[in-house]
Every structure is written in structure tokens, then in C-alpha cells.
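Quick notes on the structure that follows.
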Amino acid sequence: MTFLLIASFPDSLIKFRGPLLQALLAKGLDVHVAAPDLSGTADIRRQLIAMGITLHEIGLKRTGTNPVADVGTMAELLRLMRRIRPDYVLGYTIKPVIYGSLAAWLAGAPNRFSLVTGLGYAFTGDASGKRGLLRKLIQRLYRFGLSRCHKVFFQNPDDEALFRQLDLLPANIPSCVVNGSGVDVADYSVTALPEKTSFLLIARLLGDKGVREYAKAAKKVGQEHPQVSFKLAGWIDDNPDAIGQHELDEWINSGTLEFLGKLADVRPAIADSNVYVLPSYREGTPRTVLEAMAMGRPVITTDAPGCRETVADADNGFLVPVQAVDELASAMIRFIEKPQLAARMGKRSRQIAEEKYDVHKVNEIMLSEMGIQ
């Protein structure tokens, strides 16, 4: 039996889907992956090949809006599927979901699945202008693509409800909510909290990740508590909502934020922090939050889809409204003024990670729902 996984970002194949790929291999499936830019990621190629996975590079443009190029991507996927004849197809993120589902349908793949990992740029912010037009187009494409699936996975119940409400997912297509991508709690072990209070945000540097709110809150809190550090890890993404280089430089040069850059391994940064912060506008289920929880860190995040599922307010962290700088700053100050909170709430974060977000438990559910025994 052949399984084809379609991705839009090669780094995610190991970081987010590595345990799922291992689980599929353990079931005896012949596993293939299709993704762009595989030739430029030698380390990822080596790891995937060493696992016994067959690689296929495709010309998908993750953030492009050229319809001719996207049709070409779908045709490329269709040719690939007609050649390898997969028994199972699973795409995740927007373009692999839409064009992968359509190609799998045209190729006659008997088991077609999609994983909606978040709604992204087109579903957040102002719905007018160019973003509004893009939102309408993506919704139509989702409706067309998902109608060709046998089952659709979501990473939080809000996204599932929204897709049903907007009729993006036809009533006759079943869906299943899973607890994000999960986290390997053995790889992300608990570490002692540092003596000096430090906050950390890890994200692609996008507006809807709440990076600007984090910087504003850091500036406000830092004026009252100059001994506290505020760290930011990530990179400026090729996205219409990306933070400008001039903004990042201003935060760094003013001493508001300590910039760590793009990290191959986030564990040392989490170990060097007391509290993890993600003021995102909307997520599927944020992987970095799960990693921080597994390492015993309390979390400040937003009362927004995908984020609110990870934090029980005042139990393993605090929930704040979206774009609410003052409330975000107040939550930070609570940890500064009561250092014992981080230890107590961090312990609960680890417990929740083990009980709810263990990647092996998440993958067991996905495989079962796909009929892979």
C-alpha cells in the first residue's frame, strides 16, 4: 500500500510530520512525500531518505497567487499520482489541501484526506480590498477541493465549525478534530527555570502572529522592569503580512527585544526562558506552544481559535484578548511580581502536554480515522 504526503514547506516534513511518517512506515506502507525546494534542503533530504521515504520535488509556490502556476502544480501532482498510484493521499496547508485533493480525485486515489492546520493570511484581518478578494477565492477553492475528500482533519474545533458554517466543507464529508500536530514529550523534556525572568516568542515574523503586540508589551513592561528580557526567535517570511526589516531593526536597536534569529533547535531558547508568549490572532494548534508546555513552561496566549485550547486560564498560563497590548503586558507583570507562578503553571503545562498533546496519541487517532490498522 502506498501513502503520499503532500507538503508546501520541506522543513515541516521532519519537524511537524516526522513522527507521522515513522508511524506510517511502521505500519508497512510505502511512503512518498511531495514538496517544493527539496533539492535545497540537503539535511532534510538525507533524513527522509534514511527513513526509507521516496521523495518527489514539485514546483509549488507556497505564497504565490499566480493561477497559471497553481494549475501547473495541480497538473504536476496529477502526473505524479498517475505514476505512483497512491492508495492514500494526505495534503496539509492550503495549496496541498486544495490542489492535492483535486489531483487525487482526478487520479482516482481510493483514500483522499486533508489536514487543515490553520487558516492563515486570507482568513485573518480586514476582509476588504485585496485580502477580501483573496479570501473569497480561497474559500471557493477550499469548497471545490474538500468536496473531493473522504475525510478532513482539523486542529481545533473553531476551524471545523467555521468551515461548516461557511459551507466550505460539504455536509456529506466527515471531519475529525485532532490535538494539533502533537509534540514528542520525550524529546522536549522539562528543564529548570532560569533565575532571571525572561519571556520568549518563537514565530514567523508576521503581523497576525502578534509580533507587534509582543514588542509593544515588551517595551511597556521593560520600562518598569528593566531587569527582564524579552526574546524573539524567527524569520521574516515571504508573506503579505510579514513584519518589515526596519521594524525588527528598531526593536533590536532600541533594546526592546533580543533577536535570536531562525533556530534549527528551539529547545535551548525555551530552556533559557521562564514564560512562553504567543499573541497570535488565530492558529491551527501552535506547535511552539506545545513545545514550551512539554518543557514545563507556562504560556501567555490569546483567547483565539487554536490558541485557547492550549491554555486553561490561570492554570497553566493566561489568556488575553487578541491585539490587547495592555492585557498582554499585565499578564507578563504577574509573572514578574510573582515568580512562583511560573513553576506552578509550568508543571501543569507539562501534565497537559503529556495527557493531551503527545504526538504518538495524536498520530494513533489520525491513522485510525484513515483506516490504517
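Throughout, the numbering used here is defined as the position within the sequence shown, counted from one, plus 107.
Where a beta carbon is used, it is the ideal one built from N, C-alpha and C, also for glycine.
All values reported here derive from a predicted model rather than from experimental measurement.
Item: When A378, A149 and P281 are compared against E302, the one with the closest alpha-carbon; Value: A378
Item: Y249 and L222 closer than 8 Å at C-beta; Value: no
Item: Opposing strand residues paired with S305 [DSSP bridges]; Value: S336
Item: Endpoints, the alpha helix (DSSP H) within which G329 is located; Value: V318 to E331
Item: Unbroken beta strand (DSSP E) run spanning I407, endpoints; Value: V406 to T409
Item: Extent of the continuous alpha helix (DSSP H) run through S442; Value: Rather than Ser, the amino acid found at residue 442 in this sequence is Phe. Per DSSP, F442 belongs to the alpha helix (DSSP H) from V432 to E444.
Item: F270 in three-state terms, based on DSSP; Value: helix
Item: Start and end residues, beta strand (DSSP E) containing Y199; Value: Y195 to Y199
Item: Environment of K202 [buried if 16+ CB atoms lie within 10 Å]; Value: buried
Item: Own chain partners of L128 with C-beta closer than 8 Å, once the 5 adjacent residues on each side are dropped; Value: L112, L120, V138, V140, L155, M158 and I160
Item: Beta-carbon proximity of V406 to V290, cut-off 8 Å; Value: no
Item: Contact test: L275 Cβ vs the ligand COA heavy atom, cutoff 7 Å; Value: Only the bare structure without any ligand can be found here, which leaves the ligand COA out of the picture.
Item: Of the residues L370, L197, Y464 and K454, the one placed nearest E416, counting alpha carbons only; Value: Y464
Item: Nearest-angstrom Cα separation, counted from M108 out to V384; Value: 42 Å
Item: Option nearest C256 by Cα separation, candidates V284, N173, G166 and G207; Value: G207
Item: Residue from A325, G166, Y195 and I191 with nearest C-alpha to M181; Value: G166
Item: Boundaries of the alpha helix (DSSP H) in which L145 is found, first to last residue; Value: L145 -> no alpha helix (DSSP H), and no H or E assigned at all.
Item: Residue span of the alpha helix (DSSP H) that contains H467, given as start and end; Value: V466 to E476
Item: Classification of P281 by the beta-carbon crowding that lies within 10 angstroms, buried from 16 upward; Value: exposed
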